[in-house]
Structure formats: C-alpha cells, structure tokens
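So the sequence shown is numbered by full-length UniProt numbering: it starts at 1 and just counts up by one.
Just so you know, even glycine gets a beta-carbon here, dropped at the ideal spot from N, CA and C.
Every value quoted in this text rests on a predicted model; they were computed, and no experiment measured them.
Read through the structure below, which is laid out as structure tokens, and then see the notes.
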Amino acid sequence: MSEYLPGIIWLVVLLVVNAFFVGAEFAVISARRSQIEPKAEAGSKAAKTTLWAMEHATLMLATSQLGITVCSLVILNVSEPAIHHLLEIPLEFTSLSAEAIGIIAFIVALLIVTFLHVVIGEMVPKNISFSVPTRAALLLAPPLVLVAKIFKPVIWSLNTVANGVLRLFKVEPKDEATSAFTLDEVANIVEQSTREGVLVDASSTLNAAFEFTGKTVADVEVPIGEMVQLPLTATPADIRLAVAEYGYSRYILTNGVHEPTGYLHLKDVMDLTSPEAFDSPVPAKRIRRLASAYSGSELEDALATMRRTGAHVARVFDADGNTTGVLFLEDIIEELVGEVQDATSN
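Here's what the structure looks like:
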C-alpha cells in the first residue's frame with residue numbers, strides 16, 4: 001500500500017494548489033478597489049500588490065487558468081491510478097473477474113477524484129472568495145502575482161493569443177476588472193435597500209444626488225427677467241434699500257442693456273458708512289466677478305467651474321452667446337440637500 005501513498009499525497013497537494021488558483025481568480029474579480037485602496041494608502045504591501053493584480057486582471061486570469069489546467073491534468077494522471085489500484089485490493093476478494101474489477105475500480109476512482117476536484121478544488125475556494133472578497137484578495141493576490149512573474153513569458157504569450165482571438169471578433173480586451181459601481185448600480189442598490197428597510201433616506205438626499213447628475217444649468221438658472229437687478233452705478237445706499245425691500249444678500253449688477261457684469265454681497269458695502277462713500281457708486285474693486293456657464297452643460301460641471309473660480313454666481317449663456325439668466329451657488333446646493341434657509345438667491 002505504501003507504493004500508492006505518493007499518489008494520495010499528490011492528490012491532497014494538487015487539490016490545495018488548485019483551490020489556491022480558483023480562489024485567487026475569483027478574489028481578484030470580486031474585490032472592490034474602494035476597500036483595498038485605503039489599506040494601500042496606509043502602507044500595506046499586500047494591498048498595493050492586490051491593486052496591481054486588479055489592474056492587470058486578464059494577466060491574473062491567465063495565470064489562474066494555467067495553474068488550474070495543469071493541476072487538473074496532473075491530478076488525473078497521478079492520483080487517479082493510485083486510487084484505482086487501492087480499490088482493486090478489496091475488490092479482488094469478490095467473485096468478479098479481473099476485467100470487471102478493473103472497470104469498477106476505474107469508474108469509482110474517477111468519481112472520487114472528480115468529486116474532490118469539483119468540491120474541494122473549485123466550489124469551496126470560489127464560495128470563500130465571494131463571501132470575503134477583500135480578505136481573500138489580500139491573502140491570495142500577492143502569491144498569484146509572484147507566480148505570474150515567474151512564468152511571465154508563458155503567461156504573456158497565452159494572454160496575447162487570447163486577446164488576439166477576442167479582437168478577431170471585434171471585442172476589445174480589458175486589463176482591469178470592473179471593481180466600482182456605476183451610477184445606475186448605486187441608485188438601484190439605494191432603492192432596494194430603502195425598500196427593504198435597510199437604508200433610511202428620510203430627507204431624500206441620496207435620491208436628490210442621483211437626480212442632480214441628470215440636470216443641466218438651464219434647469220436651475222434664474223431667467224434675466226425674474227431676478228432683482230441693480231445698475232452698475234449702484235451705491236451702498238441702493239444695496240441697503242434693496243436688502244430692506246427684497247431680503248436678499250447678493251445682487252446682480254447690470255449695464256444699461258441688462259447684461260450682468262458682476263455682483264455684490266451685502267458685506268461688501270457694510271463698511272462704506274461715511275456720507276461720501278454711502279451715496280457714491282460702489283468702488284469697482286469691490287464688485288465680484290461672475291463665472292460663466294453654458295445653459296446646456298451639466299449642473300455638476302457648472303458647480304466645478306464655480307468652485308474653481310470661487311464665484312457664487314455665474315452668468316448663463318446659450319449656444320449663440322446670449323445671456324439667458326444667472327446661476328446661484330445656493331440653488332445648486334438646494335438641488336442636493338433641499339431648500340437652504342438663507343436668502344441669498346434671487
């Protein structure tokens with residue numbers, strides 16, 4: 001019996017190795033960058049290697065498939081004969097013919113090896129990687145990367161051929177696994193979680209954020225004819241009168257043809273209290289510049305522009321360059337968080 005022991009040992013070893021390649025393959029695909037990146041930024045070498053593996057997913061898949069294929073072939077050629085002969089020993093005490101014993105032993109040995117290979121070598125590691133993808137990736141990706149580097153010429157050749165076949169069918173290969181959710185996927189997750197009571201969005205802030213991405217500047221702008229305007233020569237006295245009448249803290253200054261040229265905040269003129277300054281036009285250096293936003297552009301792009309320029313108000317123009325209205329930062333924020341109790345928009 002000792003002569004068949006190496007075959008049994010090889011069966012155990014190959015099952016473990018096969019399980020490693022299967023687990024690593026599914027871990028690299030299932031893990032999320034958002035959970036790995038913080039660990040990498042904290043200095044974890046395993047996390048950094050895992051990120052590299054996720055960015056070279058096709059190479060990792062080629063490595064895993066090569067390992068799985070080799071293990072499968074070796075298991076059948078080394079372990080199956082050992083089990084086959086072990087089964088023949090008790091069967092020889094039956095009245096069966098030598099030919100029948102050989103056939104039965106072969107079938108049973110094949111079933112045993114196949115069962116162990118599918119369950120221990122495939123299903124168990126796959127389910128573990130799906131259940132704890134981050135932990136599995138951090139544990140299995142680094143050794144998988146090492147194997148890929150050792151057998152790089154072979155694996156690179158196989159991967160190149162596979163990518164070439166894909167391109168023949170006009171399919172562009174991807175190196176990086178899809179490890180982030182799309183906007184629609186996140187929206188569906190939030191909707192389902194809210195419906196099942198796992199997530200509470202009482203203020204509808206999350207839903208507002210999803211709707212925000214589909215809105216344009218034209219959806220939020222204040223048309224020229226609906227906003228309070230002051231002339232470019234407005235004085236601090238005019239600003240204070242406007243505040244008393246309308247209650248707003250920001251006012252658009254326009255030229256003679258109602259073209260916005262800048263804006264003033266109440267605090268820009270509060271220190272101009274002397275009789276001469278109070279009744280004189282506000283100094284040009286105190287007038288704030290307007291940002292510019294195309295009416296058809298996405299609202300989030302306009303927000304990025306206003307944040308970059310530091311402006312809280314933007315002039316909105318159409319495709320012909322004509323001014324159609326004004327966009328207030330507060331109105332953009334209200335699209336995300338609801339009404340802001342601050343009378344600063346017109």
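Can you give me the Cβ contacts of residue i inside the same chain, cut-off strictly under 8 Å, excluding the 5 residues immediately before and after it?
i: Lys215; result: Glu298, Leu299, Glu335
i: Val269; result: Pro236, Ile239, Arg240, Val282, Arg286
i: Val145; result: Thr49, Trp52, Ala53, Met60
Between residue i and the rest of its own chain, which residues show a CB-CB distance below 7 Å, the 5 nearest in sequence each way excluded?
i: Leu290; result: Pro260, Gly262, Tyr263, Ala311, Val313, Ala314, Arg315
i: Ser129; result: Gly23, Phe26, Ala27, Ser30, Ala136
Rounded to whole angstroms, what is the Cα-Cα separation between residue i and residue j?
i: Ile9; j: Gly121; result: 15 Å
i: Asp301; j: Val326; result: 15 Å
i: Gln65; j: Cys71; result: 10 Å
i: Ser345; j: Phe328; result: Bear in mind that a pLDDT of 43 at Ser345, under 50, signals an unreliable position, so the number given afterwards is only what the model happens to contain. Rounded to whole angstroms, Ser345 to Phe328 spans 6 Å at the Cα level.
i: Ala98; j: Gly164; result: 51 Å
i: Pro255; j: Glu221; result: Correcting the residue identity first, residue 255 is Asn in this sequence and not Pro. Near 20 Å, if we compare the C-alpha coordinates of Glu221 and Asn255.
i: Met123; j: Val16; result: 12 Å
i: Glu88; j: Arg32; result: 50 Å
i: Leu140; j: Pro38; result: 18 Å
i: Thr94; j: Val119; result: 31 Å
i: Val171; j: Gly67; result: 25 Å
i: Pro90; j: Asn127; result: 36 Å
i: Asp331; j: Glu55; result: 40 Å
i: Ile107; j: Asn77; result: 14 Å
i: Ile218; j: His258; result: It is worth fixing the name first, because residue 218 is Ala in this sequence and not Ile. Whole-angstrom Cα-Cα distance: 19 Å.
In chain order, what residues of the same chain lie with their CB nearer than 6 Å to the CB of residue i, ignoring the 5 residues before and after it?
i: Ala46; result: Leu138, Pro142
i: residue 349; result: Outside the displayed range of the chain (1 to 346) lies residue 349, so it cannot be described from this structure.
i: Thr134; result: Ala31, Gln35
Between residue i and residue j, how many whole angstroms is the CB-CB distance? I'm expecting something under 8 Å.
i: Ile75; j: Val113; result: 6 Å
i: Ser249; j: Leu266; result: 5 Å
i: Ser79; j: Leu166; result: Not quite, the Cβ-Cβ distance comes to about 35 Å (not below 8 Å), so this is no contact.
i: His84; j: Asn18; result: That pair is no contact at about 20 Å.
i: Ile155; j: Thr63; result: 5 Å
i: Ala234; j: Leu253; result: 6 Å
Is residue i a contact residue of the ligand GDP, with contact defined as CB to any heavy atom under 7 Å?
i: Ala62; result: Within the structure as shown, the ligand GDP is missing, as the structure has no ligands at all.
Provide the residue span of the alpha helix (DSSP H) that contains residue i, from first to last.
i: Ala40; result: 33-41
i: His130; result: The residue asked about is misnamed: residue 130 is Phe in this sequence, not His. Counting along the chain, the alpha helix (DSSP H) containing Phe130 begins and ends at 124-131.
Since residue i is in the beta strand (DSSP E), which residue starts that stretch and which ends it?
i: Leu253; result: 250-254
i: Arg315; result: 313-317
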